[in-house]
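This is how it looks when you write it as structure tokens:
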């Protein structure tokens with residue numbers, strides 16, 4: 001095949017010395033009619049050469065390819081997102097192979113759909129080289145003087161041919177601006193279209209008449225960066241500053257408001273309804289003033305802003321009780337620009353294929369972690385850091401899918417604390433690294449596997465970033481808030497009949513909230529039922545100290561990092577802390593130490609009893625979660641900090657709010673439908689504790705009640721040890737979903753009452769089921785021993801009690817009798833106990849679990 005081709009216009013071919021295979025031809029026009037003049041002969045040339053002609057149709061203007069052009073038309077919807085749009089185009093290019101001709105609708109419409117010239121530039125930087133590798137010829141159009149340098153520089157820099165098209169006095173002129181790899185004495189002159197020829201304009205008068213009226217945006221300050229994004233925000237700001245919003249017609253106001261919302265905040269229909277109800281024009285203008293780059297601010301930012309607006313609208317007093325926020329938002333378009341300009345988008349495309357195993361190799365990871373940011377973006381980062389000075393900040397993931405209705409992305413993406421100490425350049429470098437880490441986390445195996453599992457790989461997932469000032473105060477070389485925690489407006493952990501699940505719950509810590517958000521194996525949080533805040537799950541007062549927080553996360557300003565310190569060390573360093581609000585002295589410990597003549601002991605225990613029993617904090621937090629849950633029409637979970645000058649002199653910093661999600665989602669739809677009795681493995685109604693979830697199960701371990709109840713006590717201990725080994729096998733990979741079921745109480749110290757495992761032996765289990773069948777007098781309680789409830793919460797385990805003889809409860813004995821028992825193959829030494837322990841490969845049998853704590857229902861079934 002020839003390496004050169006034709007435009008269908010012999011005169012234009014002579015000017016350009018023909019087009020070459022691989023050329024991306026950009027025509028800058030004033031109207032679509034001018035574009036059509038050149039597309040029609042190009043289509044005719046494709047027919048003459050018997051080349052495939054593909055037309056990508058995505059704009060609102062009339063079709064540019066003639067009806068008889070014999071083009072293969074692909075209708076695209078850019079409004080559905082950048083990722084889907086470009087992926088569909090690249091897939092078509094792959095299928096067509098080498099040598100095809102392409103026509104695209106006018107690219108200017110894309111910047112309207114995406115509200116961003118930067119994204120238009122990103123699209124061209126990805127699509128153009130891809131077309132080039134397939135020896136294609138592709139035609140594109142741009143409306144002249146309609147775009148900022150973010151688009152123009154990317155398009156001009158990547159394309160092979162750029163031509164200005166002018167119409168004046170019913171004549172058409174062409175002015176080549178770029179023709180790669182070819183030159184002639186008149187190539188870059190203005191040419192007039194005459195018949196089949198293009199004649200150079202040799203006189204200065206005509207040249208000046210055609211070109212002099214054209215604006216020069218690179219010199220005209222009034223046109224600088226006036227894309228749809230900037231124009232929209234400037235218009236809104238002018239209305240707000242001149243108090244003109246109230247004078248706008250309802251239709252004009254609605255159009256501009258919704259445009260700003262779709263541009264910068266969200267395109268999720270349910271969130272948009274909340275935003276229309278609770279946010280005002282000034283709120284949207286404030287977002288624009290604190291935004292770096294363009295695009296959406298992401299779910300985490302939306303949740304934080306929306307929750308604050310809901311509270312203040314419900315009760316203006318919240319304005320005085322909430323700590324002000326001065327966060328910045330890095331728009332999602334910056335993420336795609338980073339990927340495009342550093343050659344990382346192709347890594348993302350490769351990893352989105354399930355065949356990749358979602359594993360990023362070291363070379364790709366290094367590329368992601370070492371990329372460059374656009375100069376203008378880096379300059380804005382620098383100015384933002386100047387604003388924060390040396391205050392600690394946190395760089396938080398805020399993706400489009402994160403924290404939205406129906407998605408449980410908790411912990412899938414990274415957030416990075418920065419002590420933010422050092423020289424301005426050092427602080428900038430650490431900040432850039434933090435943003436890179438957040439971006440790289442979008443491609444981690446866990447996040448991609450989660451999206452694949454729930455059918456989200458094809459959804460448009462972009463990463464915005466929320467940059468927040470860390471809440472707290474300086475204590476010597478340390479920085480931390482006094483109280484932090486998470487709250488849920490519906491309490492999934494009801495361990496006592498006095499607790500009202502509708503009142504909600506909190507998990508409180510002293511210091512940074514990382515220990516409340518990221519569960520730790522070696523420590524505990526204070527679990528608070530909002531209607532009974534002093535009610536503790538421990539069985540006796542002596543256990544309060546054992547199951548209280550021992551360490552606190554703080555920012556070490558001197559070491560310039562996040563660290564963890566014993567609470568005792570913090571108290572000894574900073575004795576002026578108002579300890580009586582957060583901690584209680586262990587008087588019994590003090591008495592024993594004094595009795596035995598010991599030295600002074602550290603007796604403070606983080607109980608938060610004073611905070612929970614006096615003052616208004618509990619009342620305020622309960623009211624906060626109630627109001628937010630009602631506004632969302634859905635249970636919510638929040639993250640917060642609080643700092644105190646006195647018991648009733650405090651400010652709450654509401655850091656995050658999102659719909660409280662069950663884990664998973666797709667299986668729940670099936671579970672809500674009728675499941676035939678023979679496909680039910682286990683079912684319980686009542687006594688369901690822990691976060692709701694709908695998940696597939698990897699392994700089921702059952703201690704058979706009938707066999708276990710007849711065993712000698714020594715054999716029961718052996719069974720407990722074998723169960724511990726089974727739940728810690730590594731053959732299922734990282735974080736498998738294990739369902740463990742057995743008779744009576746788990747983690748009991750009395751084998752006649754249940755299986756005497758220690759909690760450390762079963763801490764890898766996701767779902768724990770107690771089968772009440774050893775004897776009628778045994779009624780399981782959620783606390784299951786003094787320590788069990790705390791550990792259940794800290795490990796995010798689901799617990800249910802199953803009563804085989806009660807209506808609505810099912811224990812499918814036939815399933816366990818007929819399913820292959822893998823015990824001997826997994827633990828050969830356990831073979832003699834094959835009748836007492838059943839180990840089922842739930843993956844191969846496609847077993848699912850749906851646990852709904854609000855409905856108090858649990859079902860394990862064959863999907």
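In the numbering used here, the protein residues as written are 1 to 863. Note that CB positions come from ideal geometry on N, CA and C, so glycine has one too.
For this session: Taking 9 Å as the cut-off, decide whether the C-beta atoms of residue 89 and residue 100 are in contact.
Result: Within the chain shown, the letter at position 89 stands for residue 89. Within the chain shown, the letter at position 100 stands for residue 100. With respect to the 9 Å criterion, residue 89 and residue 100 are not classified as neighbours on the basis of their beta carbons.
Exercise. What do you reckon, are the CB atoms on residue 393 and residue 418 nearer than 9 Å?
Worked result: In the chain shown, the residue the question calls residue 393 occupies position 393. In the chain shown, the residue the question calls residue 418 occupies position 418. If you check the CB distance, residue 393 and residue 418 come in under 9 Å.
Problem set entry | Segment contact flag, the segment 123-134 with the segment 143-159, C-beta cutoff 8 Å, min 3 pairs | With a cut-off of 8 Å on Cβ pairs, the segment 123-134 is in contact with the segment 143-159, counting three or more such pairs.
Problem set entry | Whole-angstrom distance between residue 619 and residue 574, CA atom to CA atom | Here residue 574 is taken as the residue at index 574 of the chain shown, counted from 1. Here residue 619 is taken as the residue at index 619 of the chain shown, counted from 1. In a straight line, the C-alpha of residue 574 is about 29 Å away from that of residue 619.
Exercise. Assuming residue 457 and residue 483 make a contact with CB atoms under 8 Å, what is their CB distance in whole Å?
Worked result: Translated into the one-based positions of the chain shown, residue 457 becomes position 457. Translated into the one-based positions of the chain shown, residue 483 becomes position 483. The Cβ separation is near 39 Å, so there is no contact.
For this session: With a threshold of 16 other CB atoms inside 10 Å of the CB of residue 168, please say whether the residue is buried or exposed.
Result: For this step, residue 168 is matched to residue 168 along the chain shown. Flag for residue 168 reads exposed.
Problem set entry | Extent of the continuous beta strand (DSSP E) to which residue 368 belongs | The residue labelled residue 368 in the question sits at position 368 within the chain shown. It is not in any beta strand (DSSP E) - residue 368 instead sits in the alpha helix (DSSP H) that spans 362-369.
Exercise. How many Å lie between residue 14 and residue 64 at the Cα?
Worked result: Your numbering for residue 14 matches position 14 in the chain shown. Your numbering for residue 64 matches position 64 in the chain shown. Their backbone Cα atoms lie some 24 Å apart in a straight line.
Exercise. What does a CB cutoff of less than 6 Å around residue 182 pick up in its chain, not counting 5 residues either side in sequence?
Worked result: As a working note, residue 182 is residue 182 in the chain shown. Within the same chain, and ignoring the five residues on either side of residue 182 in sequence, the residues whose Cβ sits closer than 6 Å to its Cβ are 17.
Exercise. From the DSSP output, which residues share a beta bridge with residue 542?
Worked result: Along the chain shown, read from residue 1 onward, the residue named residue 542 stands at position 542. Paired residue(s): none; residue 542 is not in a bridge.
Exercise. Got a sec, what are the start and stop residues for the beta strand (DSSP E) residue 192 sits in?
Worked result: As a working note, residue 192 is residue 192 in the chain shown. Start and end: 191-194.
Problem set entry | Proximal residues to residue 504 (C-beta, below 7 Å), its chain only, five neighbours per side dropped | Taking the first residue of the chain shown as 1, we reach residue 504 at position 504. The answer, listed in chain order, is 487, 488, 489, 490, 491, 530, 622, 625.
Exercise. Whose CA, out of 305, 737, 682, lies closest to the CA of residue 329?
Worked result: For the purposes of this step, residue 329 is taken as residue 329 along the chain shown, with counting starting at 1. Across the set 305, 737, 682, the C-alpha of 305 shows the shortest separation from the C-alpha of residue 329.
Problem set entry | Residues bridged to residue 851 (per DSSP) | As a first step, residue 851 must be located in the chain shown, where it is residue number 851. Bridge partners of residue 851 according to DSSP: 693, 858.
Exercise. Helix, strand or coil: which one does DSSP assign to residue 748?
Worked result: Residue mapping note: residue 748 aligns to position 748 of the chain shown, counting from 1. DSSP, read as helix, strand or coil, puts residue 748 in coil.
Problem set entry | Nonlocal neighbours in the same chain, by C-beta distance under 7 Å from residue 430, ignoring five residues either side | By 1-based counting over the chain shown, the position of residue 430 is 430. Excluding positions up to five away in sequence, the list reads 418.
Exercise. Between residue 387 and residue 242, what straight-line distance do the alpha-carbon atoms span, to the nearest angstrom?
Worked result: The count along the chain shown starts at 1 and reaches residue 387 at position 387. The count along the chain shown starts at 1 and reaches residue 242 at position 242. When only Cα atoms are considered, residue 387 and residue 242 end up about 27 Å apart.
Exercise. Buried or exposed: which applies to residue 355, given that a residue is buried once 16 or more other Cβ atoms fall within 10 Å of its Cβ?
Worked result: On the chain shown, position 355 is the one that residue 355 refers to. Note on residue 355: under 16 other CB atoms within 10 angstroms of its CB, so exposed under the neighbour-count rule.
Exercise. Skipping 5 residues on each side, what residues in its chain have a beta carbon closer than 6 Å to that of residue 558?
Worked result: Here residue 558 corresponds to residue number 558 of the chain shown, with the count starting at 1. Only 477 meet the Cβ criterion.
For this session: Identify every residue that forms a DSSP beta bridge with residue 564.
Result: On the chain shown, position 564 is the one that residue 564 refers to. DSSP output for residue 564 lists 553 as bridge partner(s).
Problem set entry | Start and end residues, beta strand (DSSP E) containing residue 638 | As a working mapping, residue 638 is identified with position 638 in the chain shown. Here the beta strand (DSSP E) through residue 638 covers 636-646.
For this session: Taking only runs that begin and end inside the segment 815-854, name each unbroken beta strand (DSSP E) of 3 or more residues, in chain order.
Result: Taking 3 residues as the minimum length, the beta strand (DSSP E) runs contained wholly in the segment 815-854 are 837-841, 847-852, in order along the chain.
Problem set entry | 7 Å CB neighbourhood of residue 581 in its chain, flanking five on each side removed | Counting from 1 along the chain shown, the entry for residue 581 is found at position 581. Apart from sequence neighbours up to five positions away, the residues of its chain that approach residue 581 with a beta-carbon distance below 7 Å are 610, 611, 644, 647, ordered along the chain.
Problem set entry | 7 Å Cβ shell around residue 656 - same chain, five flanking residues per side excluded | Within the chain shown, the letter at position 656 stands for residue 656. The answer, listed in chain order, is 300, 303, 304, 638, 639.
For this session: Taking only the alpha-carbon atoms, compute the straight-line gap between residue 469 and residue 480 and give it to the nearest angstrom.
Result: Counting from 1 along the chain shown, the entry for residue 469 is found at position 469. Counting from 1 along the chain shown, the entry for residue 480 is found at position 480. So the alpha carbons of these two residues sit roughly 12 Å apart.
For this session: Spell out a yes or no on whether the segment 695-710 and the segment 740-755 are touching, meaning 3 or more CB-CB pairs, one atom from each, closer than 8 Å.
Result: Result yes; three or more Cβ-Cβ pairs closer than 8 Å.
Problem set entry | First and last residue of the uninterrupted beta strand (DSSP E) at residue 743 | Position 743 of the chain shown holds residue 743. First-last of the beta strand (DSSP E) with residue 743: 738-743.
Problem set entry | Inter-residue Cα distance where the pair is residue 267 and residue 81 | Walking along the chain shown from the start, residue 267 turns up at place 267. Walking along the chain shown from the start, residue 81 turns up at place 81. CA-to-CA, the gap between residue 267 and residue 81 works out to about 10 Å.
For this session: Go through the segment 155-205 residue by residue and report every complete run of the alpha helix (DSSP H) that reaches 4 residues or more, in order.
Result: With a minimum length of 4 residues, no continuous alpha helix (DSSP H) run stays inside the segment 155-205.
Problem set entry | Collapsed DSSP secondary structure at residue 757 in the structure displayed | Here residue 757 corresponds to residue number 757 of the chain shown, with the count starting at 1. The answer is coil: DSSP assigns residue 757 none of H, G, I, E or B.
Exercise. On the three-state DSSP scale, how would you describe residue 384?
Worked result: Counted from its first residue, the chain shown places residue 384 at position 384. In the structure shown, residue 384 adopts helical secondary structure according to DSSP, grouped into three states.
Problem set entry | Residues near residue 110 in its chain [Cβ-Cβ closer than 7 Å; skip 5 each side] | To locate residue 110, count along the chain shown from 1; it is residue 110. Within the same chain, residue 110 has close Cβ partners 78, 120, 123.
For this session: Give the DSSP bridge partners of residue 253, in chain order.
Result: Here residue 253 refers to the residue found at position 253 of the chain shown. Beta-bridge annotation (DSSP): residue 253 is not paired with any residue.
For this session: Rounded to whole angstroms, what's the CA-CA distance from residue 711 to residue 754? Just pull it up for me.
Result: Counting from one through the chain shown, the residue named residue 711 turns up at place 711. Counting from one through the chain shown, the residue named residue 754 turns up at place 754. Taking the straight line joining both Cα atoms gives about 12 Å.
For this session: Can you give me the start and stop residues for the alpha helix (DSSP H) that residue 434 sits inside?
Result: By one-based count along the chain shown, residue 434 stands at place 434. For residue 434, the enclosing alpha helix (DSSP H) begins and ends at 424-441.
For this session: Give me the Cα-Cα distance between residue 722 and residue 796, rounded to the nearest whole angstrom.
Result: As a position in the chain shown, residue 722 is number 722, starting the count at 1. As a position in the chain shown, residue 796 is number 796, starting the count at 1. Taking the Cα positions, residue 722 is about 23 Å away from residue 796.
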